[in-house]
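Step one of this worksheet: look at the structure below.
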Amino acid sequence: MTRLIHSFERQGVWVRDVVLGAPPDELSSAVLELPPRSSGAPIEQLARAELERDGIGPMEVAVWDLPDGPRTRAHEYLVVGLGYEISNGLIEPFRRLDIGVIAIEPAVSAIGRATGNGRRLVIDFGLNSARMYAYDDSQVLFLRTIQFDSKHVDIDRVFRGIDNNIEYLVGRFPALEDARILLVGENRALSGLAKLIESEYETSVSCGIDIPDDGSSWISRAEFGRQWATAVGLASWRIAEGVAA
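Take 4 as the starting number for the sequence shown in the working numbering and just add one per residue.
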């Protein structure tokens, strides 16, 4: 960590605050049926208690309200949690260097900022998993992980997993039927997966980052490869105030 910070300093970049990405494999997530916010119920506390029942221990959670679906009767929330033990371990190396950690953010929200606006399905195709995220503008609707063997990527199997989830998504969130599809990530087989999706759904697939141009920050004017989607999202968390990710 010290070498990394010194490398930044040699280039004239002084790191004071950072936004960290939450380790995907350490996150817990669930869709929970809880009272509507209008009831006055402490939704975040209830969601935290539900995730902690799995024995992971105390954790911090992010909660997104989900829109009502054709078959839903109770109010649903998408909840993502990270244990305090894990988050403290992430923060400690920066604390020793007097660098402030202002946020630890899951990829689902970071990638949401790096992929534009509107209704969209984003597939982050990594070395051993394909992580699916669905959005309606800034609203997070869905996340799911499809694991596979990093030594032999079975594209057909990955596609079947994606196809099954898309079928669920359109049934649960009918507005996503006309959603655009974006592929990001570092897997070499990404272009092959894109062709399968385009053939099956008779639609075009965008392979890359789509950063909304607000005209005020350098990050919206720069060009980044598709493998940097999460990092770009983290860097845009509070770019106007000079946060490094």
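We put the beta carbon where it would ideally sit given N, CA and C, even for glycine.
| query | result |
| --- | --- |
| 8 Å Cβ shell around Gly-164 - same chain, five flanking residues per side excluded | Ala-133 and Ile-149 |
| Exposed unless 16 or more other CB atoms sit within 10 angstroms - verdict on Ala-178 | exposed |
| Where Glu-108 falls, given that 16 or more other Cβ within 10 Å makes a residue buried | buried |
| Among Glu-47, Asn-190 and Ser-32, nearest to Asn-131 - alpha-carbon criterion | Asn-190 |
| 7 Å Cβ cutoff met for Ala-182 and Arg-123 | yes |
| Bridge-paired residues (DSSP) for Asp-101 | None; Asp-101 has no bridge partner. |
| DSSP beta-bridge partners of Gln-142 | Asp-139 |
| Beta carbon of Leu-144 nearer than 7 Å to that of Tyr-80 | no |
| Contact check, Arg-59 vs Gly-24, beta carbons under 7 Å | Sequence check: residue 59 is Ile here, not Arg. Result no, Cβ atoms of Ile-59 and Gly-24 do not sit closer than 7 Å. |
| Helix, strand or coil at Ala-133 [DSSP, three-state] | strand |
| In DSSP terms, what Phe-128 is bridged to | Ala-133 |
| Cα-Cα separation between Pro-61 and Pro-27, rounded to whole angstroms | 18 Å |
| Alpha-carbon to alpha-carbon, Arg-74 and Ala-106 | 36 Å |
| Under the three-state DSSP convention, the category Trp-67 falls into | strand |
| Separation of Pro-39 from Pro-70, as counted between CA atoms | 11 Å |
| Ile-94 and Val-18 closer than 7 Å at C-beta | no |
| For Ser-90, three-class secondary structure by DSSP | helix |
| Whole-angstrom distance between Met-4 and Glu-201, CA atom to CA atom | 42 Å |
| Span of the alpha helix (DSSP H) around Ile-184 | First-last for Ile-184: 183 to 187, but that is the beta strand (DSSP E), not the alpha helix (DSSP H). |
| Gly-84 beta carbon less than 7 Å from that of Val-64 | yes |
| Whether Gly-236 touches Ile-89 by CB criterion (7 Å) | no |
| Reduced DSSP secondary structure (H/G/I, E/B, other) of Ile-107 | strand |
| Whole-angstrom C-beta distance between Gly-72 and Arg-175, which should lie under 8 Å | 5 Å |
| Integer-rounded CB distance, given that Asp-140 should sit under 8 Å from Asn-120 | 5 Å |
| Exposure label - Ala-52; buried when at least 16 CB within 10 Å | exposed |
| DSSP state of Gly-174 mapped onto helix, strand, coil | helix |
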